[in-house]
Every structure is written in structure tokens, then in C-alpha cells.
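Residue numbers (our numbering), protein chains in the order written: chain A, 1 to 176; chain B, 177 to 442.
Heads up, the beta-carbon is just placed ideally off N, CA and C, and yes, glycines get one too.
Comments concern the structure below.
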């Protein structure tokens with residue numbers, strides 16, 4: 001199940017003047033993210049830069065306050081999906097992304113880096129059974145900068161030691 | 177020297193969807209982007225299976241990649257603002273796309289003979305290398321070569337309407353030019369920076385007297401993990417149950433105090 005914001009695709013018109021080489025300056029540079037804010041659900045978190053676990057999964061912080069950015073992937077602000085994960089709960093109760101499911105399409109997510117601050121707007125939310133999650137797509141290339149937030153959802157599967165679904169929130173960069 | 181394979185075919189091709197911005201995890205999706213390269217055509221609206229998918233696309237603009245379901249789709253192009261009527265568009269094609277692949281669909285040629293040019297795009301590049309291809313989309317320009325100024329051609333004999341195969345090169349800065357096979361320069365592209373782990377398409381568009389280039393990034397490589405993160409530290413059902421119990425207890429206390437108050441008021 002999921003929801004997507006019904007907005008038209010925006011087309012891009014080349015801005016370069018004829019004197020410039022149109023091939024240069026095509027690529028966007030991203031930022032190394034340091035903190036995340038989601039005003040709509042009153043979330044503020046430090047961002048750890050992590051890669052993969054021993055079994056190849058995206059790594060997550062070993063505490064419930066921080067979130068992790070998948071640093072071998074795309075940087076926030078680059079073209080492509082930059083992925084941030086956080087726990088939904090810990091042993092004793094709610095964690096940083098406990099309220100992620102309460103977000104609404106159009107809500108904003110602010111990512112701060114040393115160089116600048118970027119704001120993303122949520123356009124799609126979906127909860128996907130773990131086995132059906134398309135990892136290549138969630139972490140994949142897009143022609144514009146996207147931010148993806150992931151946390152666990154669904155009921156807990158004691159045999160697998162994790163919840164049965166992943167809540168995936170997609171947001172697109174609001175251009176300055 | 178890179179041999180050229182033209183993709184004249186409208187045969188293969190395209191799709192879009194209503195899920196313009198949608199993502200809906202599902203591995204049966206393709207990527208499609210649309211480019212307006214018809215120099216004398218007005219801005220256009222693009223309908224897919226009868227649904228307005230792109231609005232007011234001007235000459236030289238591109239849609240960026242849209243996620244679309246694999247399959248065959250009815251794609252029809254109208255002058256922007258024209259009311260949709262099936263089969264009445266300036267351009268129509270049944271375009272087919274395969275899951276996991278990416279396509280560029282160009283509306284090319286002058287308006288009176290407007291046509292689709294479709295190419296499959298590369299979504300991979302050798303680590304540290306750069307990849308580039310060129311498209312000849314200038315309706316009245318002769319066949320051209322694209323190469324290093326004073327050096328070898330990277331692409332030779334490109335003709336309208338065609339998109340070449342990719343050439344994989346070392347990343348770096350190249351002094352390139354579009355030139356006639358006899359060496360006469362048509363358009364300089366000096367100081368072209370081709371970045372590592374990046375795939376480019378460079379299209380020559382417009383009529384020969386005002387020839388220009390539009391450039392697109394097809395892909396930028398980055399790693400992805402083998403699996404989704406495990407984002408719950410505890411045994412959530414139990415802790416959720418605990419929170420529910422706690423909540424229930426609060427409600428009970430609230431209700432019972434109401435009862436007490438009522439009693440005291442009586």
C-alpha cells in the first residue's frame with residue numbers, strides 16, 4: 001500500500017547560454033549530511049555516516065536517537081536517491097522514527113550539512129513487505145535529487161527478528 | 177573509432193504512467209524520459225494511454241526519468257493546450273518498454289514530419305570511467321563526426337535521425353568538436369568535462385543554421401546495499417503492547433476519577 005502526491009512531472013529547460021559548454025555543470029553536487037529535522041512530527045536527529053552490515057544490509061545506528069545515511073550511495077542534493085534510516089523503536093519504547101507513519105504528503109524534511117541546508121518535500125509513502133522491497137530501486141538513480149527515509153513497520157516477526165514491512169518515505173528536493 | 181548504430185526504430189519503445197512521481201516498489205518498472213527536439217514545433221502536451229502525463233514541454237526540454245510499468249503504451253503528442261482526442265495528435269506510437277531498462281524518447285524532425293526517435297539508455301559504467309554517446313537530431317544537417325580537435329573521431333558518420341552507441345572513455349577534460357567528415361568544424365565543444373562514473377547523452381539539435389547542443393546525464397553510479405536496514409532494536413510488538421497497556425491504564429484512571437467526582441457531587 002502507499003500514497004503518491006498527484007503532481008505533474010516538471011520538465012527541465014536547459015539554462016546554459018550558447019557560449020557555455022552545455023555538458024559542463026550538468027552534474028549536481030551533494031552535501032555530507034550532519035543533521036535531520038522533520039518539523040511536522042517534531043523530529044530532530046544527528047546523522048551517522050554508515051555503510052553495510054556484515055550480512056550486506058544497510059547499517060543503522062546502535063542507538064535510538066540517531067539516524068544513518070547510507071554513505072556509499074548518493075549524497076543528499078545529488079541526482080539519485082539518498083537514503084536515511086532510523087529505528088522505529090528500541091527495547092524500552094519509541095525511537096527516532098516512531099512517528100514516521102504520521103507524516104503526510106507535502107510535509108518537509110530538512111537536511112543540514114556543513115556546506116548548506118537542503119529541504120525536501122514528501123511525495124510518496126509506502127509500506128512494503130520486506131521480501132518485496134526493491135532495494136535497487138530504493139537506492140537507485142533518479143534524474144533529480146531525492147531523499148528516502150526508511151524505518152520498520154508491520155507486525156514483529158519473532159523468527160526473523162525484525163518487523164515484516166518497511167515504511168519507505170520518498171521526498172524530492174525543493175529547489176532554492 | 178566507434179561504430180555507429182542508429183536507432184531509427186519507433187518499433188521498440190515506451191511508456192509512462194499515471195505514477196509520474198510515483199515509486200511504488202515493484203520490480204516491473206522501466207524508466208522513460210522524453211525530449212522535445214523538434215525545432216519549429218510548439219510546446220507540447222504528452223498523453224499516455226489517454227492521460228495527460230507531461231504538460232507544456234518546450235523545445236529542448238526533457239522530462240527527466242519517469243518510472244513507468246513495463247509493457248506497451250499508447251503515447252500521443254499534442255500541441256500544448258489542444259483538447260485530447262484519441263488519434264488526433266501530431267505524433268502517436270505504441271511504445272513498448274522492458275522492466276529494468278531505461279529509454280530516451282525524442283520527438284524529432286520538423287513539425288510537418290515530426291517523428292519519434294527512441295534509444296535504450298545505459299544504466300552502468302565501469303568504475304572510474306565515463307561514458308558518452310551523441311544524437312544527430314538536426315533535421316537538415318549533414319552527416320557529422322564528433323571527435324577531439326586535431327585528433328581522432330569518437331563517433332563518425334552520425335546521420336539524422338540517429339543516436340549512437342556509447343563510447344567508454346577515461347574521465348577527464350576533452351576539447352571536442354562536431355565536424356564534417358572532411359574536417360570542417362561545425363560546432364566547438366572545448367573543455368568538455370566528462371566525469372568519472374557518469375553516463376552522458378549529447379544531442380545536436382535545431383536546424384543547421386542555428387545548430388546547438390543539449391546534454392543530459394543518463395546515469396551516475398553509486399553503491400547500494402544487498403538488503404533493507406533492520407530498524408527496530410527491541411521486540412516491537414511487546415513494547416507496543418506495553419504502551420497500549422500504559423495508555424489503557426491512564427484511561428482507566430481518568431474514567432475512575434470521573435466516577436469518583438460524580439459520586440462526590442451527588
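- Distances from the alpha-carbon of residue 389(B) to those of 398(B), 375(B), 237(B), 373(B) put 237(B) closest.
- Per the DSSP secondary-structure output, residue 112(A) pairs in a beta bridge with 35(A), 117(A).
- Interface criterion met: the Cβ of residue 85(A) is under 9 Å from a Cβ in chain B.
- For residue 376(B), DSSP records a beta bridge to 308(B), 393(B).
- Annotation for residue 248(B): the continuous beta strand (DSSP E) segment containing it runs 247–255.
- A Cβ-Cβ separation of about 7 Å places residue 337(B) in contact with residue 291(B) under the 8 Å criterion.
- For the pair residue 48(A) and residue 34(A), the Cα-to-Cα distance works out to about 7 Å.
- Chain order gives the chain B residues near residue 142(A) as 240, 241, where near means a beta carbon separation below 8 Å.
- Any Cβ of chain B closer than 9 Å to the Cβ of residue 77(A) would place that residue at the interface, and such an atom is absent.
- Three or more beta-carbon pairs separated by less than 8 Å are not found between the stretch 116–133 of chain A and the stretch 63–70 of chain A, which leaves the two stretches without contact.
- Per DSSP, residue 280(B) is one residue of the beta strand (DSSP E) stretching across 278–284.
- Annotation: residue 409(B) to residue 90(A) spans about 4 Å, alpha carbon to alpha carbon.
- Interface annotation, residue 130(A): in contact with chain B, CB-CB separation under 9 Å.
- When C-alpha distances from residue 162(A) are compared across 88(A), 111(A), 119(A), the shortest belongs to 88(A).
- In terms of Cα proximity to residue 333(B), the closest of 320(B), 376(B), 303(B), 325(B) is 320(B).
- At least one beta carbon of chain A lies nearer than 9 Å to the beta carbon of residue 367(B).
- Boundaries of the alpha helix (DSSP H) around residue 138(A): 135–138.
- For residue 390(B), a Cβ of chain A is located within less than 9 Å of the residue's own Cβ.
- Within chain B, no C-beta atom comes nearer than 7 Å to that of residue 115(A); the closest sits roughly 19 Å away.
- Those residues of the stretch 31–46 of chain A placed with their C-beta closer than 7 Å to a C-beta in chain B do not exist.
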